[in-house]
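>
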Amino acid sequence: MAYGTIADASLQGAALAGVDVFDATQPGEPIGRVVDAASEAGVASVLFETTLAALPEGDLRLGAADGPRIAAAPLPYSITP
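Its first residue numbered 1, the sequence shown is counted upward by one per residue in my numbering.
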């Protein structure tokens with residue numbers, strides 16, 4: 001599971017769950033999918049699944065390889081194995 005933000009006011013109120021996540025450096029197919037999202041003040045926070053290889057080096061994009069950029073960030077909570 002991964003967390004990120006998207007600074008794009010046009011996403012305010014958009015239903016983002018289920019939208020594919022792409023890596024702009026490998027645009028052929030999606031590398032993940034948004035699980036949940038919330039937006040406020042022009043910034044969408046997204047919880048998404050992706051490959052470990054795509055974090056943190058991928059150029060993550062929402063919906064298409066040239067879509068809005070997802071800025072990956074640490075999860076806002078800890079995970080204990």
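Glycine included, every Cβ here is placed at the ideal spot set by N, Cα and C.
Looking at residue 44 and residue 16, is the spacing between their C-beta atoms short of 8 Å?
Yes, the pair counts as a contact, with Cβ atoms nearer than the cut-off.
> Residue range of the beta strand (DSSP E) that residue 32 falls in?
Unbroken beta strand (DSSP E) run through residue 32: 32-40.
> Going by CA-CA distance only, name the one from 80, 77 and 3 that's closest to residue 38.
The shortest C-alpha separation from residue 38 is found at 3.
> So, using beta-carbon positions, are residue 49 and residue 63 closer together than 8 Å?
In this structure, residue 63 does not lie closer than 8 Å to residue 49 by Cβ.
> Within the 8 Å Cβ cut-off, does residue 81 reach chain D?
The structure shown contains no chain D; it is built from a single protein chain.
> Go to residue 49, then tell me how far its beta strand (DSSP E) extends in each direction, as first and last residue.
From DSSP, the beta strand (DSSP E) with residue 49 extends over 43-50.
> Is it buried or exposed for residue 79, if we count other Cβ within 10 angstroms and need 16 for buried?
Result: exposed.
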